[in-house]
Amino acid sequence: MRRKKFRPCHLNYADERLWDLSYLRAKCKELNLEEEYEIYQTRLMISFLSIFFILFIFVTICFLSAEIIFVEHLEMIISDLVVPKLAVFVALVSLSLNFFDNIVKRHPWVMIATSILAAYVVVLTDLAQNAYNYYVKDYPLNATFDVFVLCMIYMFLPIHSIRAAALLATSVSLTYVFYYMNSLRYEQEFEGNLEGFDALIVDILHNVGFNMMGIFFRIMNETMVRASFLDRHQFIMEELWLRNALHQESTLLDSILPPQIAKPIQDIIKNKISRSENTYDRYLVGVPRKGESFMAIQIHPDVSILYADVVNYTHLTTTLTVVDLVKVLHDLYARFDVAASAFKVQRIKFLGDCYYCVAGLVRPDPDHAKCAVSLGISMIADIQEVRAERNLDIDMRIGVHSGSLLAGVIGEAKLQFDIWGSDVEVANHLESTGKPGYVHVSGRTLNKLNPEEYSIIPGTQKAKDDPLLAGMSTYLLTAETKRNSYQSVEGVVSGSSIDIRPINTVRSTRGSHTSMTEQLRQEFRNMPVGGIDFHKHCFSRKKKEKTNTTRSGIGIFCAGFKDSSLEWNYLHQPDFMFKSSMLLAWGIGCCLIYIQIAANNFACVSCIVVDLITFFFLTSLLCLAWYKNFCWWKCGRYEFKVYGRFSCLAFHLFEKIQHSVSMRITVYLLIIICYYAVLSLIMLNCDRAQYELNYIESKLFRYEMDQGPCFHPWVFTNMVSLILGISYTFARIPFALKIFISCCETIAYVLIVFFEFAFLFQHSPTTTPYMKAEVAHCLRVSMMLITMYAKERQSEFNTKMNYKLNVDLQNKQKAADIANQSVIILLNNILPAHVVDLYINSLAKHELYYESYKMVSVMFAMLINFPMNLPSLRVLNDIITEFDRLLTAYREYYVVEKIKVVGCTYMAACGLDFNLASSIRQNTSHYRNNSLHFEVEQARSYRLTDDAKLDHDIDMNNDEVVFIMTTFALDLMRVMSACNKAYSNFFDGVLSSGQICIGISSGEIMAGVVGASQPHYDIWGNPVNMASRMESTGLPGHIQVTEESAKILEEFDIQCNYRGLTFVKGRGEIPTYFVGIDENLKFKASNRNDRNSSRRYSVMSSLDPDYQGSSSSNLTESSE
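So for the sequence shown, the numbering used here puts the first residue at 110; every next one is plus one.
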């Protein structure tokens, strides 16, 4: 396994590249974010400066307190007390100019100028105090603020440029170095084991170490800030995209379903996506399924229903081509939709030439009857315009009735808003018994109108003869149309001429534009930066609350997330700055090793061993950390370059350290141990007894003491300060651990100063005249500890806030994906899947899209004598849901599309996606174990062996869609039979065996999206009309098919029984057939081949375990 793991590999530098500072700078410029980044960087630096104000005042107070407490002759150092404090005051006053936004915006140079002034005020005051005490009072002192000023410049002062900060800090370091070079302090204090050159190098290395640490902090800070700024930009763009997606979703959903129905459906879809319930529920009859069926039904007690029907539509279907017919319907329905929107009427759906809608549905409207009648009059005017423009013999027959209804959606697939109730049936009958060119209304509707606005004549004789309308007064209305005519819609687009783009492409283009809007700028202004806000009184209470809410999730002392899971995830992020941290650690280690060597006055074997081990350990980690980067620099352009096992092992180890917080902590602790191992060498080589003896002798005999037996205390203190600094600066280490390590280091140092080497530190130079030297040493380390804590705590806060923003970004992306998926799901519940992308991305408003198909099988299945009340609707919902679940199994293999449900009629078609069907035929290995696929292939092979059909090109005709559609119809009957048994104890007489009538026809059709206000997918053509007639003229418990479909089914070895001549509206008497089905709901084999056994072609055999045995036995008998 190990050999296989480290086999030759390729270099993957993608993640590290994203954290490269040059890349981040280029990306900000590419996205035109540099200006906004500079503004944010200014805000960030001002926040650090606010922290520095508190820090500097606190440090000054601590020094003043220590001087008051520990100075023996306080009256002799009044100037030493006052002057440094005045310098601090001047520095703070000059830096306070940066808190005035207007000054900084008008004069950006103020930030650099005040930073230089503040730094040199502190430096020159410190050096002047030292020079005064040395030359005037003959009291040599050690510098107080040399390290503090370097930390101040790099970590707190508002200097944007890393180069400018490095130049200022370097000049400060050189100022201190030159001062000590030209002072006599070197001769007096380092005359022993630290010779002049070594003393100078040690002092320089101290400054180099702190400068390296400062530069690293600035580079790391800029990298983190730019990365988080780009993440924030992406977060904002995703948020804007989410808003657009939600707007698109709500607009689309509101155009399809009323809000009171749409909201619960929308919530259910999103909840299912969130729970990732994408597992496939096997269709098992009588077995409970996951989840419960959903039915959104509402009662509307006072509405007006309008039914409209195109007169002479049947003649149009026989005289116009399918393309021209769809153009006419689209022209009409687009006009109707615009008019319905103007009169505040909710269009429900249209069925071929029938258009029905409801007034007062979405919002209660006392004028709903007037709105519905006005729409009807407008529709008559519309169709008359179309008739004149297109020279067609068509007219409109309209019925309007006022009353109550049930409205909502049922089923699981192709959710469509529909209405039910006795008053709906009345409106339908008013339309069918009306007169072309008039609005046929009931007396109830007329009572809600102002008769003076209309021309009213009595209703038709057909209405009086209609059983449902018997005893009801009806009237024909007409009036002058008051509206702006809607122009004809002529835009017709064929499927081949439209560029279909996937949703992902559309999404990526939405979120990739780089134009900076005011909204984006405002979002960048709201990015949290932490720090102390000195202008809180200028902000509103609302903004204060927002800031407190933002910070409430992060602790005060350790800056840890209060959410433990969030803290855990934060700590386990990969550290892509590890190689930079290792470079700094290596540089600091080399400085410490040289200082240790210079501090010892004799060769030490153990010292050499420890130094070599430390050097090689740090060098090995450095090479490991930078080897991947080196390979990328050398061969980065050759992405297919193969690296050997050694390189792959190095890549693997480096990535393990990068991605493992435990390994990073281990490396961090080992580095700190190595540092203190080097530091301990100068303590181990210190002969304290000899040093004390030499000191006593030097005082007794009045000669200059040799420092040789022990180390110089200030060298030791500066080394500890340097280690303290890197203990905090090391990236991607838990902040609490850094605090613990640094506190332990400080405590250990205090113990060394006051107990282990107390005599040595007591007799070293101090920083304030007459103050105990050990106190000065502790003040130096304590000041370093507090400074680094303040810096790191602020950086940790900003880093964690940016991480929290990244988490929010991921949540927003997830929400955006859910919103996007819900839009797609909703569209797929209205349009077939292959039309969804086309509709979203390519079709303009009011634009017609259509597709032509050579062979499609259409099915109408109607539940007979099904009452339309609320209890029955619950049963109907369960039945349609079972149909939809069965449909899902078919769609996965052979694309049976549900078109619509109208009342108790279920309409479906097979053959609307040739691409999927052909791909299934080409890749059959995945479906070989499926019963339906097996039976289809067996039936197709039977056709190919039929001598009477060898001369026909069977594959090109896609005739198997008729077989699949008929198989689906038989499964509907079987599901219906199971539902009959399930509900027999609850609804006596409502459902009985075989109370479903099915009609099937096949041939050439056209499918498309028509209408203006909402997308509606429908199919048109002779097979649609014939399938509807087959259902309406059929018998319960039978599947009636046309002669063409019967011949195709017989080719698939399915018996079709000749019924006789059946009268069909618009066609006259035509021969029709019943599909042969036995008492067990199985197909009968064709008698012409002497196959008397029943054939059961159905997907139910694979979905119902109880049926598998009988199905397989029947197939065996058939094949023998």
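Where a beta carbon is used, it is the ideal one built from N, C-alpha and C, also for glycine.
Between L415 and A481, how many whole angstroms is the CB-CB distance? I'm expecting something under 8 Å. 5 Å
First and last residue of the uninterrupted beta strand (DSSP E) at N537: First-last for N537: S531 to S541, but that is the alpha helix (DSSP H), not the beta strand (DSSP E).
T876, enclosing alpha helix (DSSP H) - first and last residue: Careful: T876 lies outside any alpha helix (DSSP H) and carries neither H nor E.
Bridge-paired residues (DSSP) for T169: In DSSP, T169 forms no bridge with anything.
Tell me whether the beta-carbon of F319 lies closer than 8 Å to the beta-carbon of V256. yes
Environment of L888 [buried if 16+ CB atoms lie within 10 Å]: buried
Inter-residue Cα distance where the pair is N1134 and L1079: 21 Å
Taking the C-alpha atoms as reference points, what is the distance between W529 and S966? 28 Å
Reduced DSSP category for L415 - H, G, I as helix; E, B as strand; rest coil: strand
Quick one: any contact between the region 133-142 and the region 238-250, if contact means 3 or more CB pairs under 8 Å? no
What would DSSP say about V550, mapped onto helix, strand or coil? strand
Quick check: the region 720-739 against the region 791-803, are there 3 or more CB pairs under 8 Å? no
Taking the beta strand (DSSP E) that N1166 falls in, what are its first and last residues? C1165 to V1173
On the premise that F1183 lies in contact with I1148, defined as a C-beta separation below 8 Å, what is that separation, rounded to the nearest angstrom? 7 Å
Exposed or buried, H119, counting other C-beta atoms within 10 Å across all chains shown (16 or more means buried)? exposed
Return the chain-ordered ranges of every alpha helix (DSSP H) run that is complete within the region 149-219 and spans a minimum of 4 residues. 187-205 and 210-215
What did DSSP end up calling H646 once you bin it into helix, strand or coil? Residue confidence for H646 is low, a pLDDT of 41 falling below 50, so the modelled location carries little weight; the figure read from the coordinates is stated next. Three-state result, H646: helix.
Backbone secondary structure at I607 - three-state DSSP: Confidence in I607 is poor, its pLDDT being 31 and thus under 50, which makes the residue's placement too unreliable to answer from.
So, with DSSP's three-state summary, where would you put K1007? strand
Measure the Cβ-Cβ separation of N986 and G1020 and say whether it is below 8 Å. no
Who are the Cβ neighbours of A899 in its own chain at under 6 Å, not counting the five residues just before and after it? I160 and L164
Is it buried or exposed, P567, if we count other Cβ atoms within 10 angstroms and call 16 or more buried? exposed
Hey, quick one: how far does the beta strand (DSSP E) through S1111 stretch, first residue to last? I1105 to V1119
What beta strand (DSSP E) runs, 3 residues minimum, are completely inside the region 742-782? none
Taking only the alpha-carbon atoms, compute the straight-line gap between R456 and L1190 and give it to the nearest angstrom. 39 Å
Which of helix, strand or coil DSSP assigns to F863: helix
Nearest to I697 (by Cα), restricted to the options V916, M321, E960 and F760: M321
Cα separation between T659 and A278? For T659, the predicted structure reports a pLDDT of 45, less than 50, and the residue's modelled location is therefore unreliable. The matter cannot be settled from this model.
Relative to the C-alpha of V509, which candidate in F287, G543 and D527 has its C-alpha closest? G543
Could you name the residues of the same chain whose beta carbon sits closer than 8 Å to that of V168, not counting the 5 residues immediately before and after it, in chain order? F257, M892, I895 and T896
Which partner residues of D440 appear in the DSSP bridge assignment? Note: D440 sits in no beta bridge, so no partner.
Need the endpoints of the alpha helix (DSSP H) that A1091 sits in, please. E1069 to Y1092
Is H538 near the ligand NAP, going by C-beta to nearest heavy atom under 7 Å? The ligand NAP is absent from the structure shown, which contains no ligand whatsoever.
State the Cα-Cα distance for the pair E181 and K881, rounded to the nearest angstrom. 8 Å
Among residues of its own chain, excluding the 5 on either side of C795, which ones have a beta-carbon nearer than 8 Å to its beta-carbon? P818, C819, F820, F866 and L869
State the Cα-Cα distance for the pair V770 and F739, rounded to the nearest angstrom. 24 Å
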